[in-house]
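Colleague:
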Amino acid sequence: ESPDFPFDWSVHQPFAEAAYHADPRIYKLMPRLVPKRVSEEEFWRNYFSHVYAVKARFNGDRLKADDALEPPAAPETDYETVRLNRAASLTSQE
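Its first residue numbered 8, the sequence shown is counted upward by one per residue in my numbering.
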């Protein structure tokens, strides 16, 4: 984790939900790691620290903490409901 990257789970949680809704790769990866290898909070801390680093490299300079995240699209439903709906749709496709 970068010392320049402040992580507060309560602040980042809505962004995590938006990322989960937007990227099916996260949906596939999370069950393999959480909670078997890392906590959900640690998963997202790692995810967002990498997002921060990529954005910093892309911008060619250090990001300010306020620039680390952009507001996500409003999630349609809560995280648990989406996870259950996706799991149900996957099992119905088998």
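Note that beta-carbon positions come from the ideal geometry of N, C-alpha and C, so glycine has one too.
Checking 8 Å against the spacing of the C-beta atoms, do valine 41 and phenylalanine 55 come in under that value?
Modeller: No, they are not a contact pair.
Colleague: Work out the CA separation of glycine 67 and alanine 25 for me, nearest whole Å.
Modeller: One C-alpha to the other measures close to 26 Å.
Colleague: In whole angstroms, what is the alpha-carbon distance linking phenylalanine 22 and lysine 43?
Modeller: 23 Å
Colleague: How big is the Cα-Cα spacing for lysine 62 and phenylalanine 12?
Modeller: 12 Å
Colleague: For histidine 57, does the count of other Cβ atoms within 10 angstroms reach 16, so buried, or fall short, so exposed?
Modeller: So histidine 57 counts as exposed.
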